[in-house]
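Engineer: In our numbering, the protein residues as written are 9 to 506. Virtual Cβ for every residue (Gly too), placed ideally from N, Cα, C. All of these numbers come straight from a predicted model, not from anything done at the bench. Shown below is the structure under consideration.
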Ligand code: BG6
């Protein structure tokens, strides 16, 4: 059967309308840990339209009362502050439950009885396995819930390679215009990731010092202290390259490397990011050995506690060759970045949770302070994404004093967000993104072209691993990854920021 999309272009001016916010998979982990607590914070901040409703959909038989009880229980666990009874009451009063077997189109009529996408915005959040994205789109269409006011939010992973992501995107596109599709990467909702835009494009000292003339290389680290834990089943099929690099690290990379967008509108930003993805030099079986390090954690200690290795996880496959760590030398083949490598690394069960971007400037051509340093250390700009969000500049200063000559010392200019903006609580990524969808702003969501370009490049690495039978190198839990990761930079006479 050929399905026909809604005949008119989506309504771009609906931000003032109340919203029916539907969470498919409302009883799942993501919804309970992130979505419901974020809605609580939005309620608290007075950012939800007074008539906005939250509709939870799942395949379990559950009364409205039992649903509210369940939601309250999870809010108590996952909102990291004492719940206000007034705000909780207001939030729960917006909530409804609907039982839908997501692959049965007829059952979406129950949802149609609760939502009104002619008059109100309908946001459908797909917090379910991507295999259900197609059935949900068809179900919404079947129930007459696809109008210009309808928006869909897709959680990652969108596929496991280029071919499967095209398949999923095609299914969604058979029902929705791209303008209605909001692909989430929660890193884009993080305050510090968004601050990369402010830092780069609102400060002339950085806009004029942001290319191959002044920058030697860039490091992007997203280290996690947690191991894989109960997510083994999902993770073992994915691995760190697909789970973290394809999305989060690629997004950080594009924000650091892109050209200035004309403005902050949806397409301006997304087009600039896309150009960076298209300029990534492919990795091949010939160069992978020098460009990429794959690791897998073994037993070790994190903050003094013993941690079992990846292969020892309960219910896991002791023969798994899935990587839990990746380090990559990325080259961007364009005018701005010619000759400036970007080194990415990310891993589970590492020494501590730390995400940061380090811009390493070029050393000066001549040293007039040889009494202090035989060669002057170059400046560094360190952007701490999480935790302890902030920006540091490592620079050289004269040590105050009357001694002969000028003696230099390395010092830090340190801007800590929690101190500088002490009145503001830092909003969680999902709060920002939920609000943006409700308001119809796509700038912080990923365009289909971005997802597919990113997969194309990631596939080149997966293919090269398959061709070379590259196995992950072991590293002890609680370390900074395999020794080969140090060698990756040492080969270029550089070292990781520690
Ligand atoms: C998710 C990955 O997208 O991001 C997880 O699937 C990872 O494996 C998580 O742990 C990290 O997010 P954050 O916000 O804790 O850095």
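Rounded to the nearest angstrom, what separates residue 165 and residue 281 at their Cα positions?
Structural biologist: Along the chain shown, read from residue 1 onward, the residue named residue 165 stands at position 157. Along the chain shown, read from residue 1 onward, the residue named residue 281 stands at position 273. So the alpha carbons of these two residues sit roughly 19 Å apart.
Engineer: Along the chain, where does the beta strand (DSSP E) that runs through residue 391 open and close?
Structural biologist: If you number the chain shown from 1, residue 391 lands on position 383. Where residue 391 is concerned, the enclosing beta strand (DSSP E) stretches over 388 to 394.
Engineer: Give, in chain order, every unbroken run of the beta strand (DSSP E) that is at least 3 residues long and sits entirely within the segment 316 to 366.
Structural biologist: Counting whole runs of 3 or more residues, the segment 316 to 366 contains the beta strand (DSSP E) stretches 333 to 338 and 350 to 355.
Engineer: So, using beta-carbon positions, are residue 196 and residue 435 closer together than 9 Å?
Structural biologist: Mapped onto the chain shown, residue 196 falls at position 188. Mapped onto the chain shown, residue 435 falls at position 427. Taking 9 Å as the Cβ cut-off, residue 196 and residue 435 do not qualify as a contacting pair.
Engineer: Using only the alpha-carbon positions, how far apart do residue 494 and residue 121 sit?
Structural biologist: Your numbering for residue 494 matches position 486 in the chain shown. Your numbering for residue 121 matches position 113 in the chain shown. Answer to the nearest angstrom: the Cα atoms are 59 Å apart.
Engineer: Please indicate yes or no: does the CB of residue 437 lie closer than 8 Å to some heavy atom of ligand 1?
Structural biologist: Position 429 of the chain shown, counted from the start, is the residue given in the question as residue 437. Yes, the beta carbon of residue 437 sits closer than 8 Å to at least one heavy atom of ligand 1.
Engineer: Among 439, 82 and 418, which residue has its Cα nearest to the Cα of residue 36?
Structural biologist: On the chain shown, position 28 is the one that residue 36 refers to. It is 82.
Engineer: To the nearest angstrom, how far is the alpha carbon of residue 98 from that of residue 348?
Structural biologist: Mapped onto the chain shown, residue 98 falls at position 90. Mapped onto the chain shown, residue 348 falls at position 340. Roughly 52 Å separates the two Cα atoms.
Engineer: From residue 367 to residue 298, what distance separates their C-alpha atoms?
Structural biologist: For the purposes of this step, residue 367 is identified with residue 359 of the chain shown, where counting begins at 1. For the purposes of this step, residue 298 is identified with residue 290 of the chain shown, where counting begins at 1. Using only the alpha carbons, I get a separation of about 22 Å.
Engineer: If you measure from the CB of residue 363, is any heavy atom of ligand 1 nearer than 8 Å?
Structural biologist: Residue mapping note: residue 363 aligns to position 355 of the chain shown, counting from 1. Indeed, a heavy atom of ligand 1 lies less than 8 Å from the Cβ.
Engineer: Within the same chain, show all residues whose beta-carbon is closer than 8 Å to that of residue 216, passing over the 5 residues directly before and after it, in chain order.
Structural biologist: If you number the chain shown from 1, residue 216 lands on position 208. Here the set comprises nothing.
Engineer: Under the three-state reduction of DSSP, which class applies to residue 75: helix, strand or coil?
Structural biologist: Numbered from its first residue, the chain shown carries residue 75 at position 67. It is helical.
Engineer: Which of the three DSSP states, helix, strand or coil, is assigned to residue 307?
Structural biologist: In the chain shown, residue 307 corresponds to position 299, counting from 1. Of the three classes helix, strand and coil, the one that applies to residue 307 here is coil, per DSSP.
Engineer: Would you mind working out which of 417, 396 and 230 sits nearest residue 404, comparing C-alpha positions?
Structural biologist: Along the chain shown, read from residue 1 onward, the residue named residue 404 stands at position 396. Ranking 417, 396 and 230 by Cα distance to residue 404 puts 417 first.
Engineer: Quick check for students: name the residue ranges of the alpha helix (DSSP H) that lie wholly in the segment 217 to 249, counting only runs of 4 or more.
Structural biologist: Whole alpha helix (DSSP H) segments, 4+ residues: 240 to 246.
Engineer: Given 8 Å as the limit, is there contact between the segment 461 to 477 and the segment 61 to 68, that is, 3 or more CB pairs closer than that?
Structural biologist: Not touching, per the Cβ criterion.
Engineer: Are the segment 275 to 294 and the segment 304 to 317 in contact at 8 Å, needing three or more beta carbon pairs?
Structural biologist: No, the segment 275 to 294 does not touch the segment 304 to 317.
Engineer: Ordered along the chain, which non-local residues of its own chain (more than five positions away) have a Cβ less than 8 Å from that of residue 17?
Structural biologist: Here residue 17 refers to the residue found at position 9 of the chain shown. Bear in mind that the predicted position of residue 17 carries a pLDDT of just 47, short of 50, making it unreliable; the figure below should be weighed with that in mind. Once the five neighbours on either side are set aside, the close Cβ partners of residue 17 are 156, 185 and 187.
Engineer: Between the Cα of residue 482 and the Cα atoms of 419, 358, 427 and 423, which residue gives the shortest distance?
Structural biologist: Your numbering for residue 482 matches position 474 in the chain shown. Measuring from the Cα of residue 482, the nearest candidate turns out to be 358.
Engineer: To which residues of the same chain is residue 55 closer than 8 Å at the C-beta, ignoring the five residues directly before and after it?
Structural biologist: Here residue 55 is taken as the residue at index 47 of the chain shown, counted from 1. Once the five neighbours on either side are set aside, the close Cβ partners of residue 55 are 443.
Engineer: Write down the C-beta distance between residue 105 and residue 70 rounded to the nearest angstrom, noting that I regard them as a contact closer than 8 Å.
Structural biologist: The residue labelled residue 105 in the question sits at position 97 within the chain shown. The residue labelled residue 70 in the question sits at position 62 within the chain shown. Yes, residue 105 and residue 70 are in contact; Cβ-Cβ is about 6 Å, under 8 Å.
Engineer: Look at the alpha carbon of residue 500 and the alpha carbon of residue 119, and state the distance between them as a whole number of angstroms.
Structural biologist: Numbered from its first residue, the chain shown carries residue 500 at position 492. Numbered from its first residue, the chain shown carries residue 119 at position 111. Approximately 58 Å, taken between the alpha carbons.
Engineer: Evaluate the contact criterion for the segment 220 to 227 versus the segment 362 to 382: three or more CB pairs, one atom per stretch, below 8 Å.
Structural biologist: Output reads yes: the segment 362 to 382 touches the segment 220 to 227.
Engineer: With three or more beta-carbon pairs closer than 8 Å as the criterion, would you say the segment 249 to 269 touches the segment 195 to 210?
Structural biologist: Cβ pair count under 8 Å is three or more, so yes.
Engineer: Which ranges does the alpha helix (DSSP H) cover as unbroken runs of at least 4 residues, wholly within the segment 254 to 296, from first to last along the chain?
Structural biologist: 258 to 265 and 274 to 286, all fully within the segment 254 to 296.
Engineer: Quick check: residue 135 and residue 33, are their CB atoms within less than 9 Å of each other?
Structural biologist: Your numbering for residue 135 matches position 127 in the chain shown. Your numbering for residue 33 matches position 25 in the chain shown. The answer is yes: Cβ separation under 9 Å.
Engineer: Looking at the strands, I want to know which residues DSSP matches up with residue 466.
Structural biologist: Within the chain shown, numbered from 1, the residue matching residue 466 stands at position 458. According to DSSP, residue 466 bridges with nothing at all.
Engineer: Nearest to residue 492 by alpha carbon, out of 409, 124, 458 and 303?
Structural biologist: For this step, residue 492 is matched to residue 484 along the chain shown. Nearest C-alpha to residue 492: 303.
Engineer: Taking residue 49 as part of the beta strand (DSSP E), name the residues at either end of that continuous run.
Structural biologist: As a working mapping, residue 49 is identified with position 41 in the chain shown. Segment 44 to 52 is the alpha helix (DSSP H) holding residue 49; no beta strand (DSSP E) there.
Engineer: Using only the alpha-carbon positions, how far apart do residue 137 and residue 455 sit?
Structural biologist: One-based indexing of the chain shown puts residue 137 at position 129. One-based indexing of the chain shown puts residue 455 at position 447. Cα-Cα distance, rounded: 20 Å.
Engineer: Does ligand 1 have even one heavy atom less than 8 Å from the beta-carbon of residue 457?
Structural biologist: What you label residue 457 is simply residue 449 of the chain shown in a count that begins at 1. Residue 457 Cβ: outside cutoff for every heavy atom of ligand 1.
Engineer: The beta strand (DSSP E) spanning residue 41 covers which residue range?
Structural biologist: Residue mapping note: residue 41 aligns to position 33 of the chain shown, counting from 1. Note, residue 41: premise wrong, no beta strand (DSSP E); not H, not E.
Engineer: Taking the beta strand (DSSP E) that residue 424 falls in, what are its first and last residues?
Structural biologist: The residue given as residue 424 occupies position 416 in the chain shown. That run of the beta strand (DSSP E) goes 416 to 424.
Engineer: Starting from the C-beta of residue 415, find all residues in its chain whose C-beta is less than 8 Å away, skip the five residues before and the five after it, and write them out in chain order.
Structural biologist: Locating residue 415 in the chain shown gives position 407, counting from the first residue. Cβ neighbours of residue 415 beyond the five flanking positions: 379, 380, 406, 407 and 409.
Engineer: Would you mind sorting residue 421 into buried or exposed? The rule is 16 or more other CB atoms within 10 Å of its CB.
Structural biologist: Stepping through the chain shown from its first residue, residue 421 is reached at position 413. Exposed: under 16 other Cβ atoms inside 10 Å.
Engineer: Return helix, strand or coil for residue 9, following the three-state DSSP convention.
Structural biologist: In the chain shown, the residue the question calls residue 9 occupies position 1. Model confidence at residue 9 stands at a pLDDT of 40, short of 50, so the residue's coordinates are unreliable; what they give is reported in the following sentence. Coil.
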